[in-house]
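For the sequence shown, this note's numbering assigns the number 2 to the initial residue and increments by one for each residue that follows. No residue lacks a Cβ here, since even glycine has one placed at the ideal position from N, Cα and C. Since the model is a prediction, treat every value here as computed from it, not as a measurement. Following: one structure in structure tokens, then a few remarks.
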Amino acid sequence: MKKLHHIIAAIDFTPSCRNALREAARRASLDGAAITAVHVMDEFLVHELKRALSTDQATIRADWLKRLQQFVAECEVGAVAVKAEVRIGHPFTELVEACRAHSADLLVMGAKGSKNEPHRIGAIAAKCVRKAPVDVLVMREDAQGPFKKIVTCVDFSENSAKAVQCALHVAQQDGASLDCLHVYQSALAMSLDYGGFVPSLPATIDPEAVDNWRKDLDAFLVPLTRDAAAVKVTALIIERVNIREAILEHACEVHADLVVLGTRGKTGLRELLIGTTAEKIVQHAPCSILAVKPDGFVTAAD
């Protein structure tokens, strides 16, 4: 993974975005990157404020810029110089435009879970994971950097290799260990997925198949990890019916504080379709998530 050049930190003044800003500043410091904190004001709110305060849009924007600058100062991000920017419009659209305007390569956001579903992320963060044209790091409110245990998901795709490289870059900087996990479905597992429509198969694990997958994983990782000798990398093969559950269970078992996964594009489509498995991991992971986009991915803001 190349060093980051510009990071956008999305700020909505909630507790969850404080950790997001601190982590964005930490990553910027490590890579020598620029960082901009962006707050997006809803157009309806601006309209109501203009009417209630008998003022104009420029004055309102200036007032909220001061609030944003104060918020950044209170977050204690160290010596990193954080620029502040207030935009007006739809949050997703304006965040995408901010990423484009600054040629950003990472968008950092806080995860806003609800009382009943604390692990779920907010609607805007979920949409950015799916459609923003840059990698997206979603930080949990209780996350404490630096990361110590990272898990990355491997499916042998080109973007999966990019995800491993990103995970290695973070692991090198933070002194973390890295699990590279491939979950495969055997014929037995796939038959179970069909709810009984496929004839039952013997409930045995094929040692030869497991060994072949392990060799494939090792061969896949060798060129990627060659320059990261300082990182403790563990290659893991797990057989499971439900790939998503296997990844989430492993993340919980090893107390991972970051899961890195490569999203995927569909040929002929401009919008990102990250797949059911990846999207559910993003929504249910008990830790922070780094979603890595394919090279050349482009999306049109709604």
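Following the continuous beta strand (DSSP E) through Ser161, name the residue where it begins and the one where it ends. Translated into positions along the sequence shown, residue 161 becomes position 160. For Ser161, no beta strand (DSSP E) run applies; the uninterrupted alpha helix (DSSP H) run containing it begins and ends at 159 to 175, by DSSP.
Counting only the same chain and skipping the five closest in sequence on each side, list residues whose C-beta sits under 7 Å from that of Ile248. Stepping through the sequence shown from its first residue, residue 248 is reached at position 247. Counting only residues of its own chain and dropping the five nearest sequence neighbours on each side, Ile248 has a CB closer than 7 Å to the CB of Cys154, Leu182, Val184, Ile282.
Quick check on this structure: which residue in Asp43, Leu66, Ala34, Glu49 has the alpha carbon closest to the alpha carbon of Ala80? To locate residue 80, count along the sequence shown from 1; it is residue 79. Checked all of Asp43, Leu66, Ala34, Glu49; the closest Cα to Ala80 is Ala34.
Per DSSP, what kind of secondary structure is Glu142 in: helix, strand or coil? Start at 1 with the first residue of the sequence shown, and residue 142 comes out as number 141. Coil.
Residues in the same chain with beta-carbon distance under 7 Å from Gly111, minus the five sequence neighbours each way, listed in chain order, please. Along the sequence shown, read from residue 1 onward, the residue named residue 111 stands at position 110. Annotation for Gly111: Thr15, Ser17, Cys18, Asn20, Ala21, Met140, Glu142 place their beta carbon closer than 7 Å to its own, counting only its chain and skipping 5 residues before and after.
Pairwise C-alpha distance: Asp13 and Ala124: Looking up residue 124 in the sequence shown gives position 123. Looking up residue 13 in the sequence shown gives position 12. If I take the Cα positions, the gap works out to 13 Å.
In the segment 226 to 298, which residue ranges form an unbroken alpha helix (DSSP H) of at least 4 residues, counting only runs that do not cross its ends? Runs of the alpha helix (DSSP H) lying entirely within the segment 226 to 298, each at least 4 residues long, are 244 to 254, 277 to 285 in chain order.
Leaving out the 5 sequence neighbours to the left and right, which residues in its chain are closer than 7 Å to Gly263 when beta-carbon positions are compared? Counted from its first residue, the sequence shown places residue 263 at position 262. Within the same chain, and ignoring the five residues on either side of Gly263 in sequence, the residues whose Cβ sits closer than 7 Å to its Cβ are Ser158, Asn160, Ser161, Lys163, Ala164, Val293.
Straight-line CA distance for Val83 to Ile61? Residue numbering aside, residue 83 sits at position 82 when the sequence shown is read from its first letter. Residue numbering aside, residue 61 sits at position 60 when the sequence shown is read from its first letter. The alpha-carbon separation between Val83 and Ile61 amounts to approximately 21 Å.
Tell me which residue opens and which closes the beta strand (DSSP E) that Glu86 is part of. On the sequence shown, residue 86 is found 85 positions in, with the first residue counted as 1. Here the beta strand (DSSP E) through Glu86 covers 83 to 89.
So for Ile12, helix, strand or coil by DSSP? Taking the sequence shown and counting its residues from 1, one reaches residue 12 at position 11. Note: Ile12 maps to coil in three-state DSSP.
Which of helix, strand or coil DSSP assigns to Ile122: What you label residue 122 is simply residue 121 of the sequence shown in a count that begins at 1. Ile122 falls in the coil class under three-state DSSP.
Across the segment 223 to 233 and the segment 124 to 133, are there enough close Cβ pairs to call them in contact, namely three or more that are closer than 8 Å? Segments in contact, no.
Evaluate Ser55 with the Cβ neighbour count: other Cβ atoms within 10 Å of its Cβ, from every protein chain shown; 16 or more gives buried, anything less gives exposed. Numbered from its first residue, the sequence shown carries residue 55 at position 54. Under this definition Ser55 is an exposed residue.
Closest Cα partner of Asp32 within the set Asp43, Ile8, Val47, Ile244: Here residue 32 refers to the residue found at position 31 when the sequence shown is read from its first residue. For Asp32, the closest of Asp43, Ile8, Val47, Ile244 by C-alpha to C-alpha distance is Ile8.
Checking 7 Å against the spacing of the C-beta atoms, do Val47 and Leu69 come in under that value? Taking the sequence shown and counting its residues from 1, one reaches residue 47 at position 46. Taking the sequence shown and counting its residues from 1, one reaches residue 69 at position 68. Their beta carbons are not under 7 Å apart, which means Val47 does not touch Leu69 by this criterion.
Boundaries of the beta strand (DSSP E) in which Lys150 is found, first to last residue: Numbered from its first residue, the sequence shown carries residue 150 at position 149. Residues 150 to 154.
Would you please state the rounded distance, in angstroms, between the beta carbons of Ala236 and Leu259? I believe it to be under 8 Å. For the purposes of this step, residue 236 is taken as residue 235 along the sequence shown, with counting starting at 1. For the purposes of this step, residue 259 is taken as residue 258 along the sequence shown, with counting starting at 1. Taking 8 Å as the upper bound for CB-CB distance, Ala236 and Leu259 are not in contact here, some 18 Å apart.
Any idea which residues DSSP pairs Thr37 with across the strands? Position 36 of the sequence shown, counted from the first residue, corresponds to residue 37. Answer by DSSP bridge pairing, in chain order: Ile9, Lys84.
I need the DSSP call for Cys18, collapsed to helix, strand or coil. Position 17 of the sequence shown holds residue 18. Three-state DSSP puts Cys18 in a helix.
What's the call for Pro208, buried or exposed, on a 16-neighbour Cβ count within 10 Å? For this step, residue 208 is matched to residue 207 along the sequence shown. In the assembly as shown, Pro208 is an exposed residue. Its beta-carbon has fewer than 16 other beta-carbons within 10 Å.
At which residues does the alpha helix (DSSP H) containing Val47 begin and terminate? Numbered from its first residue, the sequence shown carries residue 47 at position 46. It spans 44 to 54 - the alpha helix (DSSP H) in which Val47 sits, taken as one unbroken run.
8 Å contact criterion, which Val39 and Ala99 should meet: CB distance rounded: Residue 39 sits at position 38 when you count from the first residue of the sequence shown. Residue 99 sits at position 98 when you count from the first residue of the sequence shown. Contact holds; Cβ gap of about 5 Å.
Element boundaries [alpha helix (DSSP H), containing Val73]: Working through the sequence shown from its first residue, we reach residue 73 at position 72. Residues 58 to 75.
Beta-carbon proximity list for Ile290, same chain, < 6 Å, skipping 5 on both sides: Stepping through the sequence shown from its first residue, residue 290 is reached at position 289. Once the five neighbours on either side are set aside, the close Cβ partners of Ile290 are Val139, Val260, Val283.
Sort Gln58, Thr37, Ile36, Ala53 by Cα distance to Glu44 and report the nearest one. Start at 1 with the first residue of the sequence shown, and residue 44 comes out as number 43. Put simply, of Gln58, Thr37, Ile36, Ala53 the residue whose alpha carbon is nearest the alpha carbon of Glu44 is Gln58.
Just to confirm, are Gly146 and Arg27 a CB contact at a threshold of 7 Å? By one-based count along the sequence shown, residue 146 stands at place 145. By one-based count along the sequence shown, residue 27 stands at place 26. If you check the CB distance, Gly146 and Arg27 come in under 7 Å.
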